[in-house]
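The structure appears below as structure tokens.
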Amino acid sequence: TQLLEQSPQFLSIQEGENLTVYCNSSSVFSSLQWYRQEPGEGPVLLVTVVTGGEVKKLKRLTFQFGDARKDSSLHITAAQPGDTGLYLCAGGSNNNDMRFGAGTRLTVKP
Amino acid sequence: NAGVTQTPKFQVLKTGQSMTLQCAQDMNHNSMYWYRQDPGMGLRLIYYSASEGTTDKGEVPNGYNVSRLNKREFSLRLESAAPSQTSVYFCASRDYFGQSYEQYFGPGTRLTVT
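Chains A and B are the protein sequences, given in the same order. Start counting the first sequence at 1447; every next residue gets the next number (the working numbering). Start counting the second sequence at 374; every next residue gets the next number (the working numbering).
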């Protein structure tokens, strides 16, 4: 059983569409991070959110941390083929206990 | 500035063989981590080192040992490889910035045990 559940597991969309992926847990986290991983490479940190209700924007990507700090969402506006990859969320309870979700595999078709 | 480097990139072992995965970081981070990534399982922590001279077990430590050689280097050893250890292994380093920490991953080692 995953501590962090990510949905959907797979998502295939056309260039220009909007999408939202979710990261849910029954546990409270002190921080939550989103990563993107491309084939054959390690995950790359996109953002860290630490405050309940916090919203951060990174160009076309919008990240939100739930008010209760148990869940998060990632919204992509006008998706591009370069957004293709595996999106991972990770929840931190203290400096060394970080748990990862299984990821959402996004494919953006031109 | 190379970030986190790992060697080798690929490895095939036979059951019972041993090997050491090497990891180095040049960001002067205190903490280093070893994860394994399996399909549908996400990243699972094997061992970590919060600072030079200390190591601790993570979620899935059985069958592995680690050495924090110095601040830069953290190695992972498989003493007697098993097919269940077929996976992609990632090393990461982490340090605290402001309210949270930032974690950087290496490119991974793809290990197959036959």
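Using N, Cα and C, we set each Cβ at its ideal position, and we do this for glycine too.
- Interface residue (Cβ-Cβ distance to chain A less than 9 angstroms): serine 457(B) is not classified as such.
- Per the Cβ contact rule, the segment 446 to 462 of chain B is not in contact with the segment 1451 to 1471 of chain A (fewer than 3 Cβ pairs under 8 angstroms).
- Counting only runs that start and end inside the segment 447 to 478 of chain B, the beta strand (DSSP E) elements of at least 3 residues fall at 447 to 451, 460 to 470, 473 to 478.
- For arginine 1506(A), there is no enclosing beta strand (DSSP E), as DSSP gives it neither H nor E.
- Interface criterion met: the Cβ of glutamine 476(B) is under 9 angstroms from a Cβ in chain A.
- Note: alanine 397(B) is bridge-paired with Thr378(B), Glu446(B) in the DSSP secondary-structure output.
- For the segment 1484 to 1498 of chain A, residues whose beta-carbon sits nearer than 9 angstroms to a beta-carbon of chain B comprise Gly1486, Glu1487, Gly1488, Pro1489, Val1490, Leu1491, Thr1494, Val1495, Val1496, Thr1497.
- Rounded to whole angstroms, the gap between the alpha carbons of glutamate 1451(A) and aspartate 1517(A) is 9 angstroms.
- Membership of lysine 387(B) in any beta strand (DSSP E) is not indicated, and neither H nor E is assigned to it by DSSP.
- With its beta carbon less than 9 angstroms from one in chain B, alanine 1548(A) belongs to the interface.
- Between the C-alpha atoms of glycine 389(B) and glycine 1538(A) there is a straight-line separation of about 35 angstroms.
- Sequence-ordered contacts of the segment 414 to 447 of chain B with chain A read Met414, Gly415, Leu416, Tyr421, Ala423 [C-beta pairs closer than 7 angstroms].
- Aspartate 1517(A) sits in a strand when the DSSP states are folded into three classes.
- Against chain B, the CB of leucine 1504(A) has no partner CB under 9 angstroms away; the residue lies outside that interface.
- Asp1529(A) is the residue among Lys1503(A), Pro1485(A), Tyr1481(A), Asp1529(A) whose C-alpha sits nearest the C-alpha of isoleucine 1459(A).
- At the C-beta level, glycine 376(B) and tyrosine 477(B) come within 9 angstroms of one another.
- Below the 9 angstroms Cβ cutoff, chain A contributes Ser1476, Ser1477, Gln1479, Thr1494, Val1495, Val1496, Gly1538 as neighbours of serine 473(B), in chain order.
- In this structure leucine 1504(A) is not in contact with valine 1490(A), their Cβ atoms being roughly 12 angstroms apart against a cut-off of 8 angstroms.
- Proximity of proline 381(B) to chain A, defined by a Cβ-Cβ separation below 9 angstroms, is not satisfied.
- Taking a C-beta distance under 9 angstroms as the contact criterion, glycine 481(B) and alanine 1548(A) do not qualify as a contact pair.
- Under the Cβ criterion (8 angstroms, minimum of three pairs), the segment 1494 to 1503 of chain A does not count as touching the segment 397 to 415 of chain B.
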